[in-house]
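Read through the structure below, which is laid out as structure tokens, and then see the notes.
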Amino acid sequence: MEKQVAQGEEEDHHIYADVSMDAGNEVEAAQSAENQRKGGTEDITPAYSDANARIEPSINTLNDEEDASDDDEFAVRFSAAQLKAKIAQAKYEAKLAADVELLEAKKQLVERRYEVVDRERERDRASAQCKALQTRLDAVLQEHKQTLCGMREDLQLEKLLVSLDVEKATLKKLQEAFEKQQQTLTLAQERVEELDVQVANYQKTETVMAQSVSHLQHRFTSKDQQRAASVKQIQRELMEQHELEVKALREELAIARSTEQMAQGQLQELQKELQTLRDSAQQALASQESVVTREHELQAKISQLEAEKAMLQSKAEQVQKADSQLRSQVHAQSEEIVALRQEKETLQRDNKNLGDIASDLVQMADKKRPRLSLG
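Quick look at the structure:
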């Protein structure tokens, strides 16, 4: 990107140098022509001094008219060079603005990709936790199967089966939470794809602006309305993209809040189940010591679930922070739209000035033609 900007600057410097060289060559040509005329008038021989004295007033008049026509020609050439310089300057400024917008879009794309990588890491971490819980659950099931082989009381057997059902329900809820995290990751990937589309739109905008500047060099007067229409179309597309982004961010925030609420509900249900299991454990404590061991395990699981709840709350806070950051980005992009509008007004004023210069050049050329016909 920096190389392209440097190449554009070198091309614009070459254009300015060519324009200044053309203007200097034209000035030197005019001065040499004037010197030749003056030298020609100084080489008159003494033999025709009387005739020169008679026609000297008419010669002075003709010389004055020729000097005026040379001045007009020099003014026309100088105005054309000035016009070329302004056109080159407008092209250079438009190219710089497009490069800045493209660089900003690429920066946002890189940030979104980093966010996607973070979400994938969180997904892998959650998957590993689910696998570890599944392994522990299998071990507990195996232990309970071995314990149930030696137990004959139906009441204790039913209690253990109820605890196994509770653990299965807990595992199912954890799997649902994992699936919701995967959905969040999918939404983040869709967000990255939308940013890719936005970068492509910025590139298209840059191409359109370059084409409009190239057309301005040939028909800057007739193409002014078309360029204004293209700028309005670009602004409309940017506004629609911003509205879509804000809508997507609001949906992501709603999903995160609903996830947090569901996690809190799950925690409350698990606490109720823990209380129920504690009551049943107190009733079966006199008959068997294994119930106490099971209660400790459930307490460890509850502490783990509370830790996971804290993690979910921290993730919800991170989502809210990301939402605030994206809102600030939307505000910054709205400021960029205002800057683009101001730039549009500046370009319109420049086009008007160029039109005035062109009309002045046409008037000067029209004034010059009668003088040449009289000469």
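So for the sequence shown, this note's numbering puts the first residue at 23; every next one is plus one. Here a beta-carbon is modelled for each residue, glycine too, at the ideal position from N, C-alpha and C. As the structure is a computational prediction, the values presented were derived from the model and not from experiment.
Cα-Cα separation, residue i to residue j
i, j, result
"R145", "S356", "34 Å"
"E123", "K117", "10 Å"
"T227", "A103", "29 Å"
"E273", "T298", "37 Å"
"K315", "Q321", "Checking the sequence, you will find Thr at residue 315 rather than Lys. If I take the Cα positions, the gap works out to 10 Å."
"Q111", "K374", "15 Å"
"V352", "K153", "40 Å"
"Q151", "K128", "35 Å"
"E21", "E265", "What is shown of the chain runs 23 to 397, which leaves residue 21 out entirely."
"I256", "E262", "10 Å"
"E64", "A107", "Note that E64 has pLDDT 42, beneath the 50 cutoff, so the model's placement of it is unreliable and the number below is only indicative. The straight-line gap from Cα to Cα measures roughly 39 Å."
"L383", "L131", "48 Å"
"I277", "K202", "9 Å"
"L417", "Q225", "Nothing can be reported for residue 417, as the shown portion of the chain is limited to 23 through 397."
"S381", "S346", "52 Å"
"Q283", "V162", "30 Å"
"H318", "I324", "10 Å"
"S149", "E142", "10 Å"
"E330", "Q164", "26 Å"
"A332", "A338", "10 Å"
"K181", "Q290", "21 Å"
"I109", "G377", "12 Å"
"L327", "S336", "14 Å"
"L362", "R147", "44 Å"
"D372", "Q342", "45 Å"
"Q370", "A354", "24 Å"
"Q211", "D301", "47 Å"
Residue i burial status per 10 Å Cβ neighbour count (16 or more: buried)
i, result
"A222", "exposed"
"T368", "exposed"
"S185", "buried"
"T281", "buried"
"T206", "buried"
"V360", "exposed"
"K113", "buried"
"E267", "buried"
"L183", "exposed"
"Q288", "buried"
Beta-carbon separation (whole angstroms), residue i vs residue j, contact threshold 8 Å
i, j, result
"L159", "L196", "At roughly 10 Å, the Cβ-Cβ gap does not stay under 8 Å, so L159 and L196 are not in contact."
"V188", "E295", "5 Å"
"T192", "L292", "7 Å"
"L105", "I379", "6 Å"
"R213", "A270", "7 Å"
"A119", "E365", "7 Å"
Contact with chain C by residue i, beta-carbon distance below 8 Å
i, result
"K195", "Checking the listed chains, one finds no chain C in this structure; it contains a single protein chain."
**Prompt:** Are three or more beta carbon pairs between the region 130-137 and the region 204-222 nearer than 8 Å?
**Reply:** yes
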